[in-house]
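Here is the structure we will look at.
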Amino acid sequence: MWDTYTGKRLKGFQYAIKGAFLLLRYEASIQVQTAIAIIMTIAGFYFNISNIEWMIQILAIGLVISIEGLNTAAEEIADFVHPDFHNKIGFIKDVAAGAVFFAAVSAVIVGCIIYIPKF
């Protein structure tokens, strides 16, 4: 069954779900981002945000969590390939963390644009 087109897609989906659960279980940064996402979702219901605001908020949340997951993967690969400190590995990790920073700042700006007018 797994060698068919549909079977391969299902197997890929299974790996994706496993990866999401691994991130949620072991990565503190993903746990924090997920808690923030839940709080922002509750706020969205409380303030009755519009459909457009929901779409933008969901995209911002998805962006931050996705980039955070990619950052974690980059760090894990870097640590596996070169466990000792190395300037180039440090640079790679810093750049990946910088991507998370840009995504998080963008999400905060989106949150401010959506929620500040509600007060």
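According to numbering that gives the first Met the number 0, the sequence shown is numbered sequentially starting from 0. Just so it is clear, CB atoms sit at the ideal spot from N, CA and C, and this is done for glycine as well.
- Rounded to the nearest angstrom, the gap between the Cα atoms of Thr-71 and Ile-113 is 29 Å.
- Assignment of Pro-82 by DSSP, reduced to helix, strand and coil, places it in the coil class.
- Taken atom to atom, the span from the alpha-carbon of Lys-17 to that of Arg-24 is near 10 Å.
- The beta-carbon separation of Ile-29 and Gly-68, rounded to 7 Å, stays under the 8 Å limit for a contact.
- If you draw a straight line from the Cα of Ile-57 to the Cα of Thr-5, it is about 28 Å long.
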